[in-house]
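When we follow this note's numbering, the leftmost residue of the sequence shown carries the number 20, and every step to the right adds one.
For every residue, glycine included, the Cβ atom is placed at its ideal position computed from N, Cα and C.
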Amino acid sequence: MKKERNVNAYSSDGRIYQLEYAMKAASLGTTTIGLKVSDGVVVVSEKKIVTPLQVPDSVKKHHRVFDHCGFAFSGLSGDARTIIRKARDFSVNHSFNFMENIPIEGIAKSLAAIALNFGEKDDAMKIFSRPFGISALLCGYDSQPRLFSLDPSGTYIEHHAKSIGSAAEAVTSALETEYNASLCLKETLPQALSLLKGVMKDPLTSSNCEVMVCTEAGVEFLTPQAIEDILHQ
20 MKKERNVNAY SSDGRIYQLE YAMKAASLGT TTIGLKVSDG VVVVSEKKIV
70 TPLQVPDSVK KHHRVFDHCG FAFSGLSGDA RTIIRKARDF SVNHSFNFME
120 NIPIEGIAKS LAAIALNFGE KDDAMKIFSR PFGISALLCG YDSQPRLFSL
170 DPSGTYIEHH AKSIGSAAEA VTSALETEYN ASLCLKETLP QALSLLKGVM
220 KDPLTSSNCE VMVCTEAGVE FLTPQAIEDI LHQ
C-alpha cells in the first residue's frame, strides 16, 4: 500500500501506481476525437449532461489556448483548467519574447515537461502534488495543420487522427479503416460526428457535443445551430 501511495518511487515490478491511476482517471472521461485533414483539424467531444437542470453551455470540453491553438480534454475538469492556464502562459510568454505564435509542438513539449514535476520538493517547480488526471488533444495551425496528444506520463505524440476518453479504443479501431487525410474539413465534420455518435449511449444532439475547428485563420467553435445543420445533412 505504501508503494501505491508513493509518487516518487517505482514498485518492485517497475511501476508507478499513482501514474497508472492518473491514466485510468483520464480514460474514464467522455470521448474526444481529433482528425487532421488537408486544410485543418476538426475535434469533436461528447459533453455529459447529468441533469436537465444543468445549463449545457456550462460544460466545456474545448478551449482556446491562443489565437492559433485549441485544447480538448478527457478526465478531471479541475486539472484541465490548470493545464490550460499553463498552456496560455507558455503561449503569451513566447509571443511577448519572440513576436510570433508559439509552435503547437512547443506548447505540447512545454506541458509534457511539467507533467512529471509532481515529485519535486520545491512547490514552485510543480503544479500538482500528484500526476494530472487528464489526457488532452492540442490542435492548431503552424505552416500546416497539427494535432498532438498529451497524457499524464508526460508523453506527447503527433497524430493524423486520435481519440481519447472512454471509447477511445473503439473509435481508434474505426479510424484505422475510415480515416482519409485527403478530405477537407467540410467533408470531415459529418464523419467525425458520425464516429462520435457511434460510441455514445445517448442520442447525439447539438446540446451534448462540442465541435472545434483549427485552420490557418485560427480556432473556431461551432455554434449549436451549425452543429444541427451538420447532423441533418
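Option nearest residue i by Cα separation, candidates the options
i           : options               : result
residue 152 : 41, 117 and 54        : 41
residue 63  : 209, 32, 95 and 98    : 209
residue 105 : 94, 82, 118 and 93    : 82
residue 125 : 169, 76 and 73        : 169
residue 73  : 185, 227, 154 and 178 : 227
residue 9   : 119, 250, 211 and 137 : An answer regarding residue 9 cannot be provided, because it is not within the stretch 20 to 252 covered by the chain.
residue 190 : 247, 175 and 213      : 213
residue 229 : 192, 91 and 56        : 91
residue 129 : 93, 58, 98 and 175    : 175
residue 43  : 33, 58 and 154        : 154
Alpha-carbon spacing of residue i relative to residue j, whole angstroms
i           : j           : result
residue 219 : residue 236 : 31 Å
residue 216 : residue 222 : 7 Å
residue 206 : residue 233 : 15 Å
residue 194 : residue 180 : 7 Å
residue 111 : residue 89  : 14 Å
residue 46  : residue 161 : 29 Å
residue 86  : residue 30  : 43 Å
residue 67  : residue 50  : 10 Å
residue 76  : residue 244 : 13 Å
residue 183 : residue 241 : 20 Å
residue 172 : residue 70  : 33 Å
residue 250 : residue 211 : 11 Å
residue 253 : residue 109 : The displayed coordinates of the chain run from 20 to 252. Any statement about residue 253 would go beyond what the structure contains.
residue 134 : residue 95  : 15 Å
residue 201 : residue 55  : 9 Å
residue 156 : residue 53  : 7 Å
residue 118 : residue 163 : 19 Å
residue 231 : residue 239 : 6 Å
residue 101 : residue 84  : 12 Å
Whether residue i touches residue j by CB criterion (7 Å)
i           : j           : result
residue 127 : residue 167 : yes
residue 158 : residue 60  : yes
residue 121 : residue 113 : yes
residue 37  : residue 107 : no
residue 203 : residue 93  : no
Per DSSP, cross-strand counterpart(s) of residue i
i           : result
residue 164 : 160
residue 126 : Residue 126 pairs with nothing; no bridge assigned.
residue 234 : 237
residue 175 : 169
residue 180 : 54
residue 228 : 65
residue 82  : 90
Coil, strand or helix - residue i by DSSP
i           : result
residue 52  : strand
residue 87  : coil
residue 92  : strand
residue 105 : helix
residue 155 : strand
residue 185 : coil
residue 247 : helix
residue 69  : coil
residue 59  : strand
residue 30  : coil
residue 76  : helix
residue 150 : coil
The ligand ADP heavy atom lying under 6 Å from the CB of residue i
i           : result
residue 101 : Annotation note on the ligand ADP: not contained in the displayed structure, which lists no ligands.
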